[in-house]
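Residue numbers are given in the UniProt record's numbering: position 158 of the sequence shown equals residue 158, and the series is strictly consecutive. Here a beta-carbon is modelled for each residue, glycine too, at the ideal position from N, C-alpha and C. In this text the structure is predicted, and so the values were computed from the model without any measurement. Below you'll find the structure, written out as structure tokens, and then a few comments.
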Amino acid sequence: MALARDGTGSGAVARAYWSQIHPVFMTPPIAASLFGAILAGSVDPVLAAVHVLAMFAAVYTAHVKDGYVDFHVRGEDDDHPLTERGCRVGLAASTATFAGCCLLLAALVDALVLAVVVPTWLIAYHHAPQLDTNPVTATTGYPLGIALSILGGFYVQAGTITAVPLGFAVVFLALLSGVKVIDDAQDYAYDRSIEKRTVAVAVGPSRAYDIAYGLMAVALAAVVGFAVARVFPLTTLLAALAFAAVAAVARRADPELATMLLIRGSYVFLAVLVAAVRFDPVGRFV
């Protein structure tokens, strides 16, 4: 049986599987994993690479499963590059890769590492059709995966979880949940027509925006609080300021433009946080 729906041969199959790699959504979990490693101080490149591969495999699983459900099961999408069998083979391959990474991490670190690694795959695999039908889980699934990626990246290096990575994980969970609410609001009319319960559908677009920016404000306030308490480096205040500026502009934009601005703003936020943890230029003069 064919694996790809558009064409035959190894080239068509390779293109079909490659299409399930979405850099916009793949980059943050990988970056979060490396951020967690940087938080730990010294970085073992082998452990970091194995955890990064695990996060990649988890997100790839989510993309293949989501496409399978939306096209082959629900009939919501107009097209999909993989056949049903192709989706199953892709899921088997990504899951096997993830399982192999888990076994390596358990052997190289300890078995407790699985407590912060395995849930990322569980969230990814069950995003559709289980988690994406509830406003809370549809919103927090991806951000929770990012938070766990930070914790996992830290744990594989340090062998424990401290207040600093936990604090950053909570910040990203709140911040990205707010961004996800805005992202979902783009599809409000369509989601409402198919009775998909996003936050925008559940409470209306206007209240959804208030909830979204409220979550982002809570996240930025947490950064400020942790920085003042010197749990986070003082330079993290610059990250909060940079994202706040982006959010202020996005607040006046339509959902599509706002989502684009906020996603890119989150990249800047993470980049400044990495610099803050690695160098803390502000803290050196205080």
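From the options, pick the residue whose C-alpha is nearest to that of residue i; which is it?
i: ILE194; options: GLY159, MET26, ALA106 and ASP77; result: ASP77
i: ALA92; options: TRP121, LYS196 and GLY141; result: TRP121
i: THR160; options: GLY41, THR61 and SER19; result: GLY41
i: ALA124; options: ALA111, VAL113 and THR140; result: THR140
i: LYS180; options: PRO135, ASP79 and LEU47; result: PRO135
i: ALA32; options: PHE154, LEU47 and PRO205; result: PHE154
i: LEU104; options: HIS80, THR61 and ALA49; result: ALA49
i: ALA227; options: GLY145, ALA276, SER177 and ASP44; result: ALA276
i: ALA253; options: THR236, LEU273 and TYR209; result: TYR209
i: ASP44; options: VAL113, VAL156 and ILE21; result: VAL156
i: ASP280; options: ILE38, GLU256, GLY75 and PRO119; result: ILE38
i: GLY178; options: ALA163, VAL73, VAL109 and ALA258; result: ALA258
i: HIS22; options: ALA58, LEU3 and LEU47; result: ALA58
Going by beta carbon distance, what residues of the same chain come within less than 8 Å of residue i, once the five residues before and after it are set aside?
i: VAL69; result: ALA128 and PRO129
i: LEU166; result: LEU151
i: MET1; result: THR83 and ARG85
By Cβ distance below 7 Å, which residues in the same chain neighbour residue i in space, the five residues on each side in sequence not counted?
i: THR137; result: LEU131
i: ALA244; result: LEU220
i: ARG251; result: TYR213
i: VAL201; result: TYR188, ASP191 and ARG192
i: VAL116; result: LEU148, LEU151, GLY152 and TYR155
Quick one: grab the DSSP three-state call for residue i.
i: ALA4; result: strand
i: LEU82; result: strand
i: ASP280; result: coil
i: ARG207; result: helix
i: THR61; result: helix
i: GLY41; result: coil
i: ARG74; result: coil
i: ASP66; result: helix
i: ARG251; result: coil
Less than 6 Å between C-beta atoms, sequence neighbours within five positions excluded: which residues of the same chain meet that for residue i?
i: ALA247; result: MET216
i: ALA222; result: VAL171
i: SER19; result: PRO81
i: PRO205; result: ALA185 and TYR188
i: LEU175; result: MET216 and ALA219
i: PHE71; result: ASP77 and HIS80
i: ALA158; result: ALA40
Check your understanding: Would you call the region 177-193 and the region 231-246 touching, i.e. three or more CB-CB distances under 8 Å?
Key -> A contact is defined here as three or more CB-CB pairs under 8 Å, and the region 177-193 fails this definition with respect to the region 231-246.
Counting beta carbon pairs with one atom in the region 204-223 and one in the region 150-164, are three or more of them shorter than 8 Å? no
| message | Within 8 Å, do at least three Cβ pairs link the region 82-90 to the region 164-178? | response | no
Discussion item. Suppose only complete runs of 4+ residues qualify. What are the alpha helix (DSSP H) ranges in the region 90-178, listed by chain order?
Written reply: Runs of the alpha helix (DSSP H) lying entirely within the region 90-178, each at least 4 residues long, are 114-126 and 135-158 in chain order.
message: Using 8 Å as the cut-off, can you tell me whether the region 26-35 makes contact with the region 261-277, which would need three or more C-beta pairs spanning the two stretches below that distance?
response: yes
task: Taking 8 Å as the threshold, find out whether the region 40-55 comes into contact with the region 97-114 through three or more Cβ pairs.
output: Judged by Cβ distances under 8 Å, the region 40-55 makes contact with the region 97-114, as three or more pairs qualify.
Which runs of the alpha helix (DSSP H) at least 4 residues long sit entirely within the region 7-38? Give them in chain order. 10-18
Quiz item: Considering only residues of the region 182-241, which uninterrupted alpha helix (DSSP H) runs meet the minimum length of 4 residues and lie entirely inside it, listed in chain order?
Solution: The region 182-241 contains these whole alpha helix (DSSP H) runs: 188-193, 199-203 and 205-228.
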